[in-house]
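The structure appears right after this line, and notes come after that.
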Amino acid sequence: MPTPENRALETLKAAGVVAAPVDVEVVAKQMGCKVMFQALKSDLSGLLVNQPGNCLIGVNSHQSKTRQRFTIAHELGHFLLQHKGEMFVDGTVLRRDENSSRATDPQEIEANRFAAALLMPAEWVYAKLTENRKQSPNGSVEEVTSALASQFDVSSQAMSIRLANLGCLIPD
11 MPTPENRALE TLKAAGVVAA PVDVEVVAKQ MGCKVMFQAL KSDLSGLLVN
61 QPGNCLIGVN SHQSKTRQRF TIAHELGHFL LQHKGEMFVD GTVLRRDENS
111 SRATDPQEIE ANRFAAALLM PAEWVYAKLT ENRKQSPNGS VEEVTSALAS
161 QFDVSSQAMS IRLANLGCLI PD
């Protein structure tokens with residue numbers, strides 16, 4: 011079983027995506043998932059209905075564009091990593107338990123790793139970080155993170171987490 015990061019890179023390659031920002035809706039459709047936007051409860055980002063021959067990703071239309079993009083990538087991760095379950099809601103298998111609200115569920119962790127790698131592949135982040143540092147050598151961590159977030163069309167929070175996980179934090 012490939013890692014979530016390797017599966018994300020395989021998905022990008024199969025979809026012919028070679029640069030950021032990733033059009034995650036197109037990628038999802040190419041992988042066999044229908045994407046629908048709908049008003050959901052404010053605490054729900056999205057859901058995945060995964061039944062034989064039917065993959066549907068529902069996305070909360072009231073959330074920010076960057077949140078919607080991450081949600082699509084996360085739910086696509088559940089689908090492509092072949093996680094057990096027919097329905098995932100807001101990144102949690104429908105049957106909730108005491109572990110669901112903690113980020114300890116291995117399937118949730120994997121889906122988040124897949125989403126981050128799909129939207130912000132490590133090599134692309136390294137390249138853009140180097141490029142941004144050359145253009146703005148005195149930029150603060152916040153400025154660099156914000157610039158990268160904009161280039162990858164993700165939230166500053168998502169980019170900050172990705173940079174930390176890649177060991178790219180740049181102290182001021």
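Going by the working numbering, 103 is the number at position 93 of the sequence shown; the sequence numbering is gapless.
Ideal placement from N, C-alpha and C gives every residue a C-beta, glycine not left out.
It should be emphasised that the depicted structure is a prediction, and the values quoted were computed from it without experimental measurement.
Between residue i and the rest of its own chain, which residues show a CB-CB distance below 7 Å, the 5 nearest in sequence each way excluded?
i, result
"residue 162", "30, 31, 129, 130, 169"
"residue 38", "45, 67, 82, 86"
"residue 80", "125, 129, 164, 168"
Using the Cβ count rule (16 or more neighbours within 10 Å means buried), how would you classify residue i?
i, result
"residue 143", "exposed"
"residue 137", "exposed"
"residue 56", "buried"
"residue 76", "buried"
"residue 14", "buried"
"residue 36", "exposed"
Could you tell me the alpha carbon to alpha carbon distance between residue i and residue j, rounded to whole angstroms?
i, j, result
"residue 173", "residue 166", "10 Å"
"residue 107", "residue 164", "Confidence at residue 107 is low in this model, with a pLDDT of 39, below 50, so its placement is unreliable and the value that follows should be read with caution. Approximately 30 Å, taken between the alpha carbons."
"residue 54", "residue 23", "30 Å"
"residue 59", "residue 175", "29 Å"
"residue 43", "residue 89", "9 Å"
"residue 151", "residue 98", "35 Å"
"residue 154", "residue 18", "24 Å"
"residue 177", "residue 119", "18 Å"
"residue 21", "residue 122", "15 Å"
"residue 28", "residue 94", "30 Å"
"residue 63", "residue 148", "52 Å"
By Cβ distance below 6 Å, which residues in the same chain neighbour residue i in space, the five residues on each side in sequence not counted?
i, result
"residue 157", "142"
"residue 78", "69"
"residue 126", "172"
"residue 40", "25"
"residue 65", "42, 43, 89"
"residue 117", "93"
Could you tell me how far apart the beta carbons of residue i and residue j are, in whole angstroms, since I believe they sit closer than 8 Å?
i, j, result
"residue 49", "residue 71", "5 Å"
"residue 124", "residue 91", "6 Å"
By Cβ distance below 8 Å, which residues in the same chain neighbour residue i in space, the five residues on each side in sequence not counted?
i, result
"residue 146", "153, 154, 157"
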